[in-house]
Amino acid sequence: MSKRFVKRGRILSFLFVFLFFILSSCNIHIEKEHRFEKTQKLAAEIAETYANVLGIDSLQYALMYQNEVVTQGTKERNVEDEISEINDLTIFGIGSVSKMFTAVSVMLLVDQGKINLDEPVTTYVTDFVMEDPRYQEITVRMLLNHSSGIMGSTFANAMLLGETSTYHHDYFLEMLSHQGLKANPGEFSVYCNDGFSLAEMVVERVSGLTLTDFIAENIAEPLGLNYTFTPQRDFDRTKMAKTYVGGEVTPTDSINLIGTGGIYSTALDLCKLGQAFMNNPKSYQAQNFLSNEAKVAMQAQEYLKGIWPEQTDSIFSYGLGWDSVDLYPFNRYGIKGIAKGGDTYLFHSSFIVLPEENLTFAVTMSGGNSTIGEIMGIAVLQQALLDLKRIEEIIPLEAIDAGLTPIPSEDLVSFSGFYIDNMNIKQIDIEANGNLTITILADELITENYQYYSSGEFINESKTKAISFVTEANNQTYLRMVQTIALPGIANVKITSYDSVKITPSDLPEEIQQTWELRSGKYYLLSEGNKSQAFFEFVSVMLNLKTFAELTGYFSTYCIEDLFTATQTAQIPVMNGRDSGQLKFFIEDGHEYLNYVGWTFISEKDISNLLAGQDINLTIDQKGYSMWFKVTPENVGKTITVDLPESGAFAIYDNTSCLFYSTISGNQPVVLPENGKIVFISDVPGTIFTYSLE
Numbered sequence: 000m001s002k003r004f005v006k007r008g009r010i011l012s013f014l015f016v017f018l019f020f021i022l023s024s025c026n027i028h029i030e031k032e033h034r035f036e037k038t039q040k041l042a043a044e045i046a047e048t049y050a051n052v053l054g055i056d057s058l059q060y061a062l063m064y065q066n067e068v069v070t071q072g073t074k075e076r077n078v079e080d081e082i083s084e085i086n087d088l089t090i091f092g093i094g095s096v097s098k099m100f101t102a103v104s105v106m107l108l109v110d111q112g113k114i115n116l117d118e119p120v121t122t123y124v125t126d127f128v129m130e131d132p133r134y135q136e137i138t139v140r141m142l143l144n145h146s147s148g149i150m151g152s153t154f155a156n157a158m159l160l161g162e163t164s165t166y167h168h169d170y171f172l173e174m175l176s177h178q179g180l181k182a183n184p185g186e187f188s189v190y191c192n193d194g195f196s197l198a199e200m201v202v203e204r205v206s207g208l209t210l211t212d213f214i215a216e217n218i219a220e221p222l223g224l225n226y227t228f229t230p231q232r233d234f235d236r237t238k239m240a241k242t243y244v245g246g247e248v249t250p251t252d253s254i255n256l257i258g259t260g261g262i263y264s265t266a267l268d269l270c271k272l273g274q275a276f277m278n279n280p281k282s283y284q285a286q287n288f289l290s291n292e293a294k295v296a297m298q299a300q301e302y303l304k305g306i307w308p309e310q311t312d313s314i315f316s317y318g319l320g321w322d323s324v325d326l327y328p329f330n331r332y333g334i335k336g337i338a339k340g341g342d343t344y345l346f347h348s349s350f351i352v353l354p355e356e357n358l359t360f361a362v363t364m365s366g367g368n369s370t371i372g373e374i375m376g377i378a379v380l381q382q383a384l385l386d387l388k389r390i391e392e393i394i395p396l397e398a399i400d401a402g403l404t405p406i407p408s409e410d411l412v413s414f415s416g417f418y419i420d421n422m423n424i425k426q427i428d429i430e431a432n433g434n435l436t437i438t439i440l441a442d443e444l445i446t447e448n449y450q451y452y453s454s455g456e457f458i459n460e461s462k463t464k465a466i467s468f469v470t471e472a473n474n475q476t477y478l479r480m481v482q483t484i485a486l487p488g489i490a491n492v493k494i495t496s497y498d499s500v501k502i503t504p505s506d507l508p509e510e511i512q513q514t515w516e517l518r519s520g521k522y523y524l525l526s527e528g529n530k531s532q533a534f535f536e537f538v539s540v541m542l543n544l545k546t547f548a549e550l551t552g553y554f555s556t557y558c559i560e561d562l563f564t565a566t567q568t569a570q571i572p573v574m575n576g577r578d579s580g581q582l583k584f585f586i587e588d589g590h591e592y593l594n595y596v597g598w599t600f601i602s603e604k605d606i607s608n609l610l611a612g613q614d615i616n617l618t619i620d621q622k623g624y625s626m627w628f629k630v631t632p633e634n635v636g637k638t639i640t641v642d643l644p645e646s647g648a649f650a651i652y653d654n655t656s657c658l659f660y661s662t663i664s665g666n667q668p669v670v671l672p673e674n675g676k677i678v679f680i681s682d683v684p685g686t687i688f689t690y691s692l693e
């Protein structure tokens with residue numbers, strides 16, 4: 000046999016093998032495309048609905064199976080106005096999904112033997128102190144499972160537009176040093192942003208790197224997350240999705256709370272991160288990224304270590320970093336589901352991993368909220384499980400139906416009274432015939448009606464909420480609520496929580512009660528800079544605080560302690576006890592001010608009327624406080640023109656919302672509204688504003 004023939008035979012054999020490999024790969028690809036055809040169609044339909052029915056400005060989604068992209072896509076609203084044109088590489092803010100990067104950073108250091116989860120935080124951050132000595136009992140684990148007892152969210156000068164800053168990071172420990180705790184460390188888990196800002200400090204002190212650099216070197220680079228950044232990183236910000244307020248494009252969103260909610264990423268990068276949590280990752284980058292011990296620890300049922308409502312189904316069941324480690328409805332299929340959601344003023348995201356199934360989904364959005372993102376993920380993942388024949392059918396939404404209505408016992412009637420969470424005071428009245436009414440005490444009373452059923456629950460008319468009463472080991476009586484939130488034709492989520500806790504009026508000395516009664520009213524924010532996101536959200540710049548004749552001892556949801564201090568003392572696991580705070584009044588330069596979690600406010604009673612005229616000058620004082628003015632009836636309808644200094648901005652409000660914010664809209668003449676307020680914003684002492692009003 001000639002050598003030429005042998006060589007030709009080898010070439011033909013090689014070509015045959017190569018052709019077989021190519022054809023096989025094509026067949027596998029076609030098979031996968033066909034296998035997930037329904038999943039791909041559903042994801043695209045939901046994206047269309049979210050953009051053009053729910054009005055989300057833009058969204059980006061991705062689904063991966065065994066480290067391969069099953070489907071990904073983007074969608075923007077179909078409108079004539081300028082809406083961000085996005086693609087699969089467009090970068091979004093991911094809000095609190097950033098906490099997963101912080102948790103992973105801690106666990107990488109645990110794997111290296113540099114951090115012990117059950118060691119006190121003070122071991123690693125030696126200058127961490129708080130007013131309450133119990134802070135010394137807070138462990139690293141408690142930061143990640145939300146059980147530290149820290150009040151909640153200290154966001155002063157952290158959420159900006161078009162500007163990065165390290166102010167929050169630089170002064171965070173100082174701000175914490177003036178705070179107490181709302182519970183014994185480890186007693187129960189309630190969502191806590193500040194725990195992750197403190198965890199950021201732990202990572203930095205142990206590693207010697209900023210969290211930004213640690214993530215870049217130890218997470219983004221090893222996992223190939225090429226489009227994951229923080230505000231402290233240099234990258235092309237024109238690649239970010241646009242965000243909108245009142246239909247206007249805002250400057251670049253900048254959340255300078257890196258460990259809590261400041262990271263930017265893409266849906267696909269989040270799915271790549273998701274590979275690191277798989278039981279058996281198909282991604283070679285993820286295979287040795289986290290130890291099995293670290294993955295198991297992060298997915299453990301941390302929420303059950305303290306007080307927690309009895310639950311079957313919920314989207315809240317904390318692990319280390321995760322919002323849920325027993326995610327509904329996957330728990331109903333016997334499938335492990337873990338999830339994290341994130342929300343800022345402008346961006347929203349949801350991230351779900353099924354570690355046993357090698358499936359992960361992520362959606363990032365400009366507009367919307369993380370709950371509807373999670374609903375999209377649940378729907379898409381259920382369809383993927385159907386396509387993979389891992390489940391036989393999708394569990395239908397179950398309306399709450401507990402049978403016939405009996406008469407409740409006298410014991411249940413005794414649960415009538417006042418209940419509180421960190422947002423509202425509720426008066427609950429239970430009648431002998433089984434009717435229950437919840438009245439939210441506010442300027443306009445809000446009522447909800449429930450009827451008693453044989454399950455021992457009170458259920459609302461739409462059968463979307465069921466409530467019962469539980470007295471826990473801490474002798475607190477809680478209103479337990481099971482709530483269903485559904486998007487018809489898509490999917491639903493269930494939330495089981497302790498909604499509120501029972502309280503009783505308390506007697507105060509007459510002088511103290513009268514002092515707080517005189518303080519009832521609205522308070523306006525003074526201490527943020529001209530790039531702050533707070534000023535386009537009326538609820539962020541205004542606190543409406545009051546006493547109640549029927550509930551002495553409270554100033555809104557704050558328990559009065561003395562002449563100058565009131566504190567949110569409600570100890571509520573899960574979510575409704577989050578973001579606790581303390582009101583501290585103080586007198587300076589003859590004026591009374593309010594300090595609240597790092598912010599300073601002034602009473603509406605101390606706000607002057609806006610003067611009309613030409614070329615009126617205003618100067619920011621040495622405290623760096625912004626200046627508020629009331630719009631008088633004679634000035635309604637007049638136009639104000641402001642000569643803005645470089646470090647300044649101004650905003651205008653009516654009774655309920657922000658009508659104009661120059662940081663977003665640019666400097667332009669504005670017509671003043673009825674019952675309006677105007678604020679000249681700067682935190683730089685000596686800044687001069689000049690305005691004309693005619």
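Each residue of the sequence shown is one higher than the last, beginning at 0 in numbering that gives the first Met the number 0. Quick reminder that beta carbons are idealized off the backbone N, C-alpha and C, glycines included.
Proximity below 8 Å, CB of Phe-346 to CB of Met-364 | yes
How big is the Cα-Cα spacing for Asp-653 and Ser-97?
-> 35 Å
Nearest CA to the CA of Val-292: which residue from Lys-281, Met-277, Ile-306?
-> Checking the sequence shown, residue 292 turns out to be Glu, not Val. Here the closest residue by C-alpha is Met-277.
Inter-residue CB distance, Asn-66 and Ser-282 (contact presumed, cutoff 8 Å) = 4 Å
Check whether the Cβ atoms of Glu-456 and Asn-448 sit closer than 8 Å, and answer yes or no.
-> no
Measure from the alpha carbon of Asn-156 to the alpha carbon of each residue in Ile-149, His-145, His-168, then state which is nearest.
-> His-168
Under the three-state reduction of DSSP, which class applies to Gly-273: helix, strand or coil?
-> helix
Is there contact between the region 191–207 and the region 114–134, where contact requires at least three CB pairs shorter than 8 Å?
-> yes
Boundaries (first-last residue) of the beta strand (DSSP E) holding Arg-479 | 476–486
Within 10 angstroms of its Cβ, does Phe-414 collect 16 or more other Cβ (buried), or is it exposed?
-> buried
In the structure shown, what three-state DSSP assignment does Tyr-344 receive?
-> coil
For the region 510–517 against the region 478–492, are there 3 or more C-beta pairs whose distance is under 8 Å?
-> no
Quick one: any contact between the region 327–337 and the region 47–61, if contact means 3 or more CB pairs under 8 Å?
-> no
Have a look at Leu-358 and Leu-62 and give me their C-alpha separation to the nearest angstrom.
-> 7 Å
Coil, strand or helix - Ile-371 by DSSP | helix
Got a sec, what are the start and stop residues for the alpha helix (DSSP H) Ser-539 sits in?
-> 537–540
Any 3 or more C-beta pairs closer than 8 Å across the region 629–641 and the region 660–680 = yes
According to the neighbour-count rule (16 or more other Cβ atoms, all chains shown, within 10 Å of its Cβ), is Leu-671 buried or exposed?
-> buried
Apart from the five residues on each side of it in sequence, which residues of its chain come closer than 8 Å, Cβ to Cβ, to Ile-27?
-> Residue confidence is low: Ile-27 scores 45 on pLDDT, short of 50, so the model does not pin down where it sits. Its coordinate-derived value is still stated next. So the list is empty, once near-sequence residues are dropped.
Helix, strand or coil for Phe-100, going by three-state DSSP, please let me know.
-> helix
Between the region 581–588 and the region 558–567, do at least 3 Cβ pairs fall closer than 8 Å?
-> yes
Closer than 6 Å by C-beta to Asp-410: which residues in its own chain qualify, once you throw out the five before and the five after it? Chain order, please.
-> none
Cβ neighbours of Ile-393 in the same chain (closer than 6 Å, five flanking residues each side left out) | Gln-381
contact_flag[the region 99–111, the region 416–436] where n(CB pairs < 8 Å) is 3 or more | no
Nearest-angstrom Cα separation, counted from Leu-224 out to Asn-77 | 30 Å
Note down, one range per segment and in chain order, each alpha helix (DSSP H) of at least 4 residues found wholly within the region 381–426.
-> 409–412
Could you pull out every residue in the same chain whose Cβ sits closer than 8 Å to the Cβ of Phe-537, ignoring the five residues on either side in sequence?
-> Tyr-652, Thr-655, Ser-656, Cys-657
Would you please state the rounded distance, in angstroms, between the beta carbons of Glu-301 and Leu-319? I believe it to be under 8 Å.
-> 6 Å
Note down, in chain order, each residue of its chain lying with its Cβ closer than 6 Å to the Cβ of Ile-615, except the 5 sequence neighbours on either side.
-> Tyr-690
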